[in-house]
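Reading through the structure tokens given below for one structure.
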Amino acid sequence: MEDMANVARLVIITGMSGAGKTIAVQSLEDLGFFCVDNLPPVLIPKFAELIDQSKGRIGKVALVIDLRGREFFTSLSESLRTIKENYTITYEILFLDATDSTLVQRYKESRRRHPLAPDGLPLDGIHLERKLLEELKGMANQVIDTSSLKPAELKERIISRFTSMGKGSISVNVISFGFKYGIPIDADLIFDVRFLPNPHYVEHLRPNTGLDPDVYDYVMKWSETQEFLTKLIDLLQFLIPQYAKEGKSQVVVGIGCTGGKHRSVAIAEYLGKMLGSSETEVTRISHRDADRDRRPEVSR
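Start counting the sequence shown at 1; every next residue gets the next number (UniProt numbering).
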């Protein structure tokens, strides 16, 4: 059997322009990855050959591939297939995304032109890029929505993920959200808890979030909550290992209620504790909409 400690690892960083690829590659550099920005996909097999010939001296590599090299972009799938068939290198694709409105705002703030719409509106370039990257996003091992992340938060998430890379475990991110603000675009699994009794209609609970013990206890005290959680934990304990078998290194579980403040927060906290006590590694529990007054963004 191949010694996994000696197998070189390759991370392909890609995604929407303005979604934070620069921060991602800087984060991996801090972890000791050898990083190359804007490598044409047709050169990936040659680069893999150099890694293979290094006999372990180059063990962790990150390549940024985006539409600045769009004339080569269609060859990415073929290049990755070549690596899989000819080299003892494992690879994964990290795809960074953000909502259209977030990307437009970032382009306005940076006063830069979108690479696919140099003479037009940023939104035109964003729509075209999203269409061109649709298939690649489906191939990704991990998708991160950076819409509500500060640069430091994105860096923390990437470092947390890739520090444990190669340990053979699958990590789980649990995120609560409000359906009124949209579904998280990086979620693999979505569960709707709007059927549970709502603390919003209890006056003394309304100002608080599901992190408050009184709100948490209110959500948890109902028989339908306990029955739902029993079934949900059982389902996740079945599904997560199946994702791991298919090569996914991370699963994002989204828990949604109306506003993302009470029920979804409490359920997400419970899931994090329960899944974390099993063989699954819960690396992050986050609450996207619990405090809508705080709207962090990731710079380019």
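Just so you know, even glycine gets a beta-carbon here, dropped at the ideal spot from N, CA and C. Because the structure is a prediction, the values reported are computed rather than measured.
Out of K231, S75 and A48, state which residue places its alpha-carbon closest to the alpha-carbon of Y87.
-> Ranking the options by Cα distance to Y87, first place goes to A48.
Quick one, which of A8, F95 and K84 has its alpha-carbon nearest S54's?
-> Of the listed residues, the one whose Cα sits closest to S54 is A8.
Around the C-beta of P207, are 16 or more other C-beta atoms found within 10 angstroms, so that it is buried, or is it exposed?
-> The Cβ neighbour count for P207, taken over all protein chains shown within 10 Å, is under 16; the residue is labelled exposed.
Shortest alpha-carbon distance to residue 301 belongs to which of E109, H262 and A24?
-> Any question about residue 301 goes unanswered here, given that the chain covers just 1 to 300.
So, is H204 buried or exposed, given that buried needs 16 or more other C-beta atoms within 10 angstroms?
-> Per the 10 Å Cβ criterion, exposed.
Look up N173 in the DSSP assignment and say whether it is helix, strand or coil.
-> In the structure shown, N173 adopts extended strand secondary structure according to DSSP, grouped into three states.
In its own chain, which residues sit with a C-beta less than 7 Å from the C-beta of A244, not counting the 5 before and 5 after it?
-> Excluding sequence neighbours, A244 sits near I170.
Given a threshold of 16 other Cβ atoms within 10 Å of its Cβ, counted over all protein chains shown, does Y201 qualify as buried or as exposed?
-> In the assembly as shown, Y201 is an exposed residue. Its beta-carbon has fewer than 16 other beta-carbons within 10 Å.
Could you give the DSSP three-state label for E134: helix, strand or coil?
-> DSSP, reduced to helix, strand and coil, places E134 within a helical segment of the structure shown.
My understanding is that S148 touches R288, with C-beta atoms under 8 Å, so please give their C-beta distance in whole angstroms.
-> Sure, about 6 Å apart at Cβ, within 8 Å.
At least three beta-carbon pairs within less than 8 Å, the segment 113-128 to the segment 140-147 | With contact defined as three or more Cβ pairs closer than 8 Å, the segment 113-128 and the segment 140-147 are not in contact.
Determine the DSSP secondary structure at D186, reduced to helix, strand or coil.
-> Coil at D186, not helix or strand.
Taking DSSP as the reference, what is the three-state secondary structure of A244?
-> If DSSP states are grouped into helix, strand and coil, A244 belongs with the helices.
Where does E203 sit, in a helix, a strand or coil, going by DSSP?
-> Reduced to three states, the DSSP call for E203 is coil.
Measure the beta-carbon distance from I183 to G256 and round it to whole angstroms, keeping in mind my assumption that it falls under 8 Å.
-> Rounded, the Cβ-Cβ distance is 7 Å, consistent with contact.
Report, in whole angstroms, the separation of the C-beta atoms of T163 and L31, which I expect to be a contact under 8 Å.
-> Going by Cβ atoms, the distance from T163 to L31 rounds to 7 Å, so yes, they are a contact pair.
Reference T99; option with closest CA among N38, S286 and R130 | Minimum Cα distance to T99 is reached at R130.
For Y91, three-class secondary structure by DSSP | In this structure, Y91 counts as strand in the three-state DSSP scheme.
Measuring CB to CB, does V252 end up less than 9 Å from D192?
-> Contact flag unset, no.
Beta-carbon proximity of I13 to F34, cut-off 9 Å | Result no, Cβ atoms of I13 and F34 do not sit closer than 9 Å.
Would you kindly report the start and end of the unbroken beta strand (DSSP E) that includes K108?
-> Run containing K108: none in the beta strand (DSSP E); it sits in the alpha helix (DSSP H), D100 to S110.
Reference E246, options D37, D97, I51 and M139, closest by Cα | Taking only the C-alpha atoms, the option nearest E246 is M139.
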